[in-house]
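Contents: one structure, followed by commentary.
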Amino acid sequence: MNDKHKFQLNWSRKAVVYQIYPRSFKDSNNDGIGDLQGIIDKLDYLNDGTEKSLGIGAIWLSPIYKSPMVDFGYDISGYTDVDPVFGDLKTFDRLVKEAHKRDIKVIMDFVANHTSIEHPWFKESRSSKINPKRDWYIWKNPKPDGSPPNNWLSVFGGSAWTLDKTTNQYYLHSFLPEQPDLNWRNVEVQAAMEKVLEFWMHRGVDGFRSDAAYHLIKDDQLRDNPANPTYKGAKNSYNSLIHTYSQGRPEALDTMNTFCSILGLHRDKYMVSEAYLDIPEMTKLYKACSNGLHAPFNFNLISLPWDAKLIRNHIDDFEASLSKNDWPNYVLGNHDRPRVVSRIGEKRARLLAMLLFTLRGMPFVYYGEEIGMKNIDIPEDLQKDLFGNLLADNRDGERTPMQWDDSANAGFSNAKPWLPVGEKYKDVNVEKELDDSLSMVHLYRRLIHYRTNSHVLLHGSYRSLDLGDNHVFAYLRELSDEKILVILNFSKDEESVFFPYQKTKVICTTNGEKEGKIIDINKVTLSPYQGYVVEVKT
Ligand code: NOJ
């Protein structure tokens with residue numbers, strides 16, 4: 027297969043991916059919790075084939091598997107079942123069919139590092155030292171003084187080891203004690219999890235988001251992690267160590283390559299891996315997979331400071347690190363991080379949206395981001411994510427119900443929602459914003475449709491420009507003689523910049539100004555946080 031053919035084939039080179047947190051998207055059976063039927067009911071909003079809808083090309087569903095929900099689905103007790111709270115396999119099949127009808131691909135969360143403590147594999151494993159599934163998890167004797175086998179820490183705080191009374195051995199859990207880590211050095215575990223991938227691909231799933239991908243394989247000698255000399259003390263002591271031996275092991279790259287080979291046996295599949303990494307580490311993950319069907323997430327737009335130069339440098343360096351088959355991606359928010367508007371405010375969030383949809387690669391949108399939903403402070407007695415609290419901040423704030431309209435419960439459910447609805451939902455909701463051409467949802471819609479229909483944005487090159495202005499980041503996307511220029515003002519002040527172009531057509535601006543007009547951008551003056559996308563004729 028030559029490269030050209032591949033680009034045409036794989037949807038990943040075109041799709042904008044929309045992350046759905048199923049509990050919070052739409053409740054169809056009025057139990058206060060979102061479900062699969064609710065998602066089906068809202069597919070037209072995501073893509074009805076016309077420019078009225080968002081124009082999404084793929085949905086990623088956070089876990090819908092059978093689960094005791096201690097970590098809201100990231101603790102799985104049945105990998106080939108749908109949890110009854112979300113529906114059943116029949117409804118899932120319908121969701122895939124309905125999504126495909128609308129040209130929407132379906133990505134499942136693939137939680138391979140750990141199961142739930144309730145999973146039958148773990149129940150067997152913990153039952154005795156000689157159980158055939160004992161080695162499916164990581165068990166170790168206490169040290170002579172009874173303490174854990176090594177100094178590894180759980181991401182959620184405290185030791186990564188819990189002593190199990192049944193056999194008086196410790197088991198390893200990189201996250202909660204209720205989420206025991208599978209032993210990925212065991213070939214039976216590998217085979218069982220490969221079957222899980224096959225099961226969902228046979229049901230029509232188009233791709234996977236691999237959870238905690240960097241944690242999969244641990245040091246074979248379980249050596250102590252070294253202390254982190256830069257650690258200054260924080261709520262969660264996790265960063266007091268450098269996780270040399272508990273994550274990012276070279277063998278994890280082989281596992282990644284195996285996943286890619288399995289995907290490659292099917293038509294048109296893709297995988298994206300969750301790991302918060304810098305560019306050299308991302309490069310390792312890209313290189314792990316030889317067929318271009320996998321990418322690590324790039325979360326750096328979430329953590330980089332608000333600085334045009336730093337963001338430009340990051341994107342330039344990231345672009346330079348990629349080889350021909352590597353497909354970049356960018357993310358502004360997810361179910362583990364505060365929402366983008368809460369982090370930086372709406373004007374800046376609009377500018378980042380313009381960046382997101384005009385860069386090369388796969389843009390990810392977190393549900394509600396397109397209407398500018400904000401985090402909510404959840405009173406302690408209503409909090410559900412008790413463990414996120416240990417990590418840093420409670421994560422409920424970014425997981426609240428989708429705001430569909432200004433009716434009770436924001437149109438999410440007729441029953442009391444599992445988490446409170448945002449106070450501002452009467453102003454910030456889909457219905458209201460669809461009626462206002464200057465709203466955030468219209469900016470998202472315009473950018474997504476323009477992108478999806480633009481060969482230059484989809485397949486063109488990226489080149490940033492030196493403007494002699496540290497507050498404005500501008501770049502060209504080019505394909506043959508077609509050019510698209512993106513100009514982003516990161517400053518709270520007006521900025522003027524100069525380009526050697528005269529007649530340009532304004533495709534999109536962050537505030538809707540001048541769209542569709544032909545303007546001369548020899549000198550262009552941008553209002554605070556304003557961004558422009560223009561077509562340049564040379
Ligand atoms: C990453 C997921 O995004 C997060 O929500 C979860 O708590 C951990 N992995 C553990 O599965």
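Numbering (our numbering), first residue to last: 27 to 564.
The beta carbon of each residue, even a glycine, is placed where N, CA and C say it ideally should be.
From the DSSP output, in three-state form, read off residue i for me.
i           : result
residue 342 : helix
residue 462 : coil
residue 393 : coil
residue 5   : Residue 5 is absent from the model: the chain starts at 27 and stops at 564.
residue 73  : coil
residue 515 : strand
residue 19  : In the structure displayed, the chain extends from 27 to 564; residue 19 sits before or after that span and is not available.
residue 29  : A caution first: residue 29 carries a pLDDT of 43, below 50, which makes its placement in the model too unreliable to give a value.
residue 561 : strand
residue 312 : helix
residue 165 : strand
residue 36  : coil
residue 149 : helix
residue 544 : strand
residue 356 : strand
residue 533 : strand
residue 253 : strand
residue 406 : helix
residue 289 : helix
residue 267 : strand
residue 556 : coil
residue 422 : helix
residue 435 : helix
residue 49  : helix
residue 443 : coil
residue 454 : coil
residue 480 : coil
residue 375 : helix
residue 332 : coil
residue 528 : coil
Any heavy atom of ligand 1 within a distance shorter than 7 Å of the CB on residue i?
i           : result
residue 298 : no
residue 555 : no
residue 362 : yes
residue 325 : no
residue 100 : yes
residue 96  : no
residue 390 : no
residue 207 : no
residue 357 : no
residue 238 : yes
residue 137 : yes
residue 234 : no
residue 51  : no
residue 201 : yes
I believe residue i touches residue j by the beta-carbon criterion, under 8 Å. Please report the beta-carbon distance rounded to the nearest angstrom.
i           : j           : result
residue 176 : residue 248 : 5 Å
residue 121 : residue 413 : The pair is not a contact, with the Cβ atoms about 29 Å apart (cut-off 8 Å).
residue 491 : residue 502 : 7 Å
residue 44  : residue 391 : 5 Å
residue 73  : residue 65  : The Cβ separation is near 13 Å, so there is no contact.
residue 326 : residue 368 : With 8 Å as the limit, residue 326 and residue 368 do not qualify as a contact, their Cβ atoms being about 18 Å apart.
residue 3   : residue 61  : In the structure as shown, the chain starts at 27 and stops at 564, and residue 3 therefore has no counterpart that could be examined.
residue 469 : residue 376 : 6 Å
residue 425 : residue 361 : 6 Å
residue 299 : residue 236 : 4 Å
residue 384 : residue 559 : 6 Å
Bridge partners of residue i, per DSSP?
i           : result
residue 235 : 135, 298
residue 579 : No information on residue 579 is available, as it lies outside the stretch 27 to 564 that the chain covers here.
residue 565 : Lying before the first or after the last residue shown, residue 565 is absent from the chain, which here runs from 27 to 564.
residue 188 : 197
residue 500 : 513
residue 551 : 522
residue 487 : 504
residue 179 : 185
Quick check on the DSSP output: what are the complete beta strand (DSSP E) runs of length 3 or more inside the segment 64–112, in order along the chain? You should have 84–87, 104–108.
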